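First up is the structure itself, then whatever we jot down about it.
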Amino acid sequence: MKINEKELALKLALPVIAVIVWELLAIYINNPVILPRVEAVVNVLIHPNQGILGTGNLIENTLISIKRVLSGFFLASAVAIPLGILMGHYKTVNNLFDTIIELLRPIPPLAWVPLSLAWFGLGEMSMIFIIFIGAFFPILINTISGVKSVPTPLIEAALTLGAKGRDILLKVVIPASSPSILTGLRVGAGIAWMCVVAAEMLPSSNAGLGYLIMYAYSISRMDVVIACMIIIGIIGLILDRGLRYIEDKYFVWRKMMK
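Residue numbers (full-length UniProt numbering): 1 to 258.
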């Protein structure tokens with residue numbers, strides 16, 4: 001998908017304005033503990049290989065966070081997508097799981113921290129579990145919605161042509177609901193990145209961007225805090241754009257049907 005100069009200018013306008021306002025406010029406040037200058041944050045970002053606060057460098061901490069996010073995200077996808085397809089397609093399965101899903105869905109991931117520590121102890125699994133919880137429900141709900149919204153005429157046409165139950169599920173329902181599943185993956189990926197900060201606040205964490213944010217805050221290094229926030233935002237944006245590219249490339253027919 002090509003972006004012309006006007007579209008690019010519009011996409012960059014607000015970020016540029018935000019940076020200008022940030023710099024002006026930092027100059028006015030003149031207190032790096034409250035709001036550091038742009039150049040201080042940029043200086044952290046352009047030296048990702050340098051040791052930082054005795055906790056490794058930015059690259060090492062970023063890779064650790066990416067590993068945790070992807071582990072929780074892929075685990076959530078592996079459970080939520082099959083379950084969502086079954087709940088959306090089979091009424092009996094939906095009736096079986098719907099109540100418990102709706103009871104658990106409003107509970108924020110942070111509320112699971114004590115149970116996570118009790119179940120998995122002080123280790124990586126506790127952090128991955130929190131990320132899993134954050135990503136699981138949006139993927140599940142979007143998958144269920146996508147399966148339930150498959151047009152009835154598509155299923156009836158397949159039945160008329162002699163398709164059986166399994167063929168309808170694999171060749172009609174899943175392909176037709178794939179755009180909604182992908183939307184759920186996009187939302188789930190974003191929430192997974194939000195949860196990694198909470199997950200890396202657990203006592204078992206001694207590395208990662210979330211840990212670095214909290215440690216930098218404790219010693220009033222707001223330049224490091226903002227640098228880590230920017231990295232999380234950039235990685236989240238790249239992941240979202242990657243999934244959106246797949247949607248635009250392989251599900252163009254969805255736009256044609258609207």
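Every residue, glycine too, gets a C-beta built ideally from N, C-alpha and C. Keep in mind that this is a model prediction, so the values were computed, not measured.
* Given Asn-49, which residues of its chain have a CB within under 7 Å of its CB, disregarding the five upstream and five downstream residues? -> Scanning its chain for C-beta atoms nearer than 7 Å, with the 5 sequence neighbours on each side dropped, one finds around Asn-49 the residues Asn-57, Ile-59, in chain order.
task = Measure the C-alpha to C-alpha separation of Ile-141 and Gly-184 and round it to an integer number of angstroms.
result = Going by the C-alpha atoms only, they are around 7 Å apart.
*Measure the alpha-carbon distance for Leu-105 versus Phe-137 and round it to whole angstroms.*
Position check: residue 105 holds Arg in this sequence, whereas Leu was assumed. Cα-Cα distance, rounded: 6 Å.
Exercise. Exposed or buried, what is Arg-68 when buried is set at 16 or more other beta-carbons lying within 10 Å of its beta-carbon?
Worked result: Classification of Arg-68: buried, given that the 10 Å Cβ count is 16 or more.
- prompt: In chain order, which continuous runs of the beta strand (DSSP E) of length 3 or greater are located wholly inside the region 94 to 147?
  reply: Segments of the beta strand (DSSP E) lying fully in the region 94 to 147: there are none.
Identified DSSP bridge partners for Asn-43:
In the DSSP output, where bridge partners are listed per residue, Asn-43 has none listed.
Across which residues does DSSP place Gly-51 in a beta bridge pair?
-> According to DSSP, which records beta bridges pairwise, Gly-51 is partnered with Asn-57.
Please classify Glu-200 as buried or exposed, where buried requires at least 16 other C-beta atoms within 10 Å of its C-beta.
Result: buried.
Can you grab the Cα-Cα spacing for the pair Ile-219 / Ile-46, in whole Å? For Ile-219 and Ile-46, the distance between alpha carbons rounds to 21 Å.
message: Could you compute how far the alpha carbon of Ile-235 sits from the alpha carbon of Phe-97?
response: Annotation: Ile-235 to Phe-97 spans about 34 Å, alpha carbon to alpha carbon.
Member of Ser-205, Phe-120, Leu-169, Gly-190 whose CA lies at the smallest distance from the CA of Lys-148:
Relative to the Cα of Lys-148, the nearest Cα in the group Ser-205, Phe-120, Leu-169, Gly-190 belongs to Leu-169.
Nearest-angstrom Cα distance between Ala-192 and His-89?
When the Cα atoms are used, Ala-192 and His-89 turn out to be separated by approximately 27 Å.
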